[in-house]
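In this text, residue positions in the sequence shown follow this note's numbering: the first is 21, and each later residue adds one. Yeah, the Cβ is synthetic: ideal placement off N, Cα and C, and Gly gets one too. Step one of this worksheet: look at the structure below.
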Amino acid sequence: MKIGVISDIHLDINQDFDVLASLDRIANQEGCDLVLIAGDIHSNAHETIRAMAQLNQQSKVNYKYVPGNHDLWNDHIDLDDTNEIYKLFLQDENCLCERPLVLGDWVVVGDIGWYDYSFGNKEKFSFADFEKMQLDGRVWQDSIKNQWTVDNAKRTEQSLQQVEALFAEYGDKKKILVTHMIPVHEFCVDESKANWAYFNAFLGSERYGLYRGAT
Ligand SMILES: [Fe+2]
Numbered sequence: 021m022k023i024g025v026i027s028d029i030h031l032d033i034n035q036d037f038d039v040l041a042s043l044d045r046i047a048n049q050e051g052c053d054l055v056l057i058a059g060d061i062h063s064n065a066h067e068t069i070r071a072m073a074q075l076n077q078q079s080k081v082n083y084k085y086v087p088g089n090h091d092l093w094n095d096h097i098d099l100d101d102t103n104e105i106y107k108l109f110l111q112d113e114n115c116l117c118e119r120p121l122v123l124g125d126w127v128v129v130g131d132i133g134w135y136d137y138s139f140g141n142k143e144k145f146s147f148a149d150f151e152k153m154q155l156d157g158r159v160w161q162d163s164i165k166n167q168w169t170v171d172n173a174k175r176t177e178q179s180l181q182q183v184e185a186l187f188a189e190y191g192d193k194k195k196i197l198v199t200h201m202i203p204v205h206e207f208c209v210d211e212s213k214a215n216w217a218y219f220n221a222f223l224g225s226e227r228y229g230l231y232r233g234a235t
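See the structure below:
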């Protein structure tokens, strides 16, 4: 089985060409049986779900995804509560959240993941600085559009517990973990670029990286 991996197709932003058609063309060219999309498909959950259904209806490739932080935003949808938006994804058969995909000896476990500031530069910034989620006039948009940010550490903990529980449930399988969040510091943005010593705090958690090679 050949598995393709991509993320951040941002259909709401990338409207100059048919992103889904391009993705499916390349997936077919590459002979992918399954493509995992690791979040940020749209900034409206209904549109994310619709797009993934369309892909699966039109293609022989199997497409699965986890939402990203943008897919949870509440400024372009008829729902305000982030947990209610998240529930839409839990009901979607193409979403991997709380819906592991077994592939023989392997299992694909999906979770949005979250961030705990572990990738922010703690020599330059304090926990209180990161809690503000804004620096030099730039506001990390989750703080406006996602209620999970009232306690990012707790949300990260919940996500990790969910992953642990699913890993335990499929203890005999080899694991592929799909999240929208970065698991290792080397994937973060270069700190020499404007204010990323600060904003890397909101890209993931080193705790997801601890699973590498663990099972
Ligand atoms: Fe994102």
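Contact check for residue 200 and residue 60: beta-carbon distance about 7 Å, within the 8 Å limit, so the pair qualifies.
Excluding five sequence positions before and after residue 82, the CB atoms of its chain that fall closer than 6 Å to its own CB belong to 54, given in chain order. Proximity to residue 205 across 156, 23, 58 and 227 peaks at 227, based on C-alpha coordinates. Rounded to whole angstroms, residue 216 and residue 224 show a C-alpha spacing of 13 Å. The Cβ atoms of residue 145 and residue 221 lie closer than 9 Å to each other. Going by beta carbons, residue 102 and residue 166 fall inside the 9 Å limit. According to DSSP, residue 154 shares a beta bridge with 159. Nearest Cα to residue 137 within the set 41, 63 and 208: 208. With respect to the 9 Å criterion, residue 122 and residue 190 are classified as neighbours on the basis of their beta carbons.
Looking at the DSSP output, residue 84 sits in a beta bridge with 56. Under DSSP, residue 31 shares a beta bridge with no residue.
Rounded to the nearest whole angstrom, the CA to CA distance from residue 142 to residue 197 is 27 Å.
Residue pairing by DSSP leaves residue 69 without any beta bridge partner. Going by DSSP, residue 195 is part of the beta strand (DSSP E) stretching over 194-198.
Placement of the Cβ of residue 89 at a distance of less than 8 Å from at least one heavy atom of ligand 1 is found. Contact check for residue 182 against residue 118 passes: the beta carbons are separated by less than 9 Å. Annotated three-state conformation of residue 229 is helix, per DSSP. Burial check for residue 116: the Cβ neighbour count within 10 Å reaches 16 or more, so the residue is buried. The beta carbon of residue 109 sits closer than 6 Å to those of 87, 115 and 117, all from its chain and outside the five residues before and after it, given in chain order. Pairing residue 48 with residue 151, the inter-Cα distance amounts to about 43 Å.
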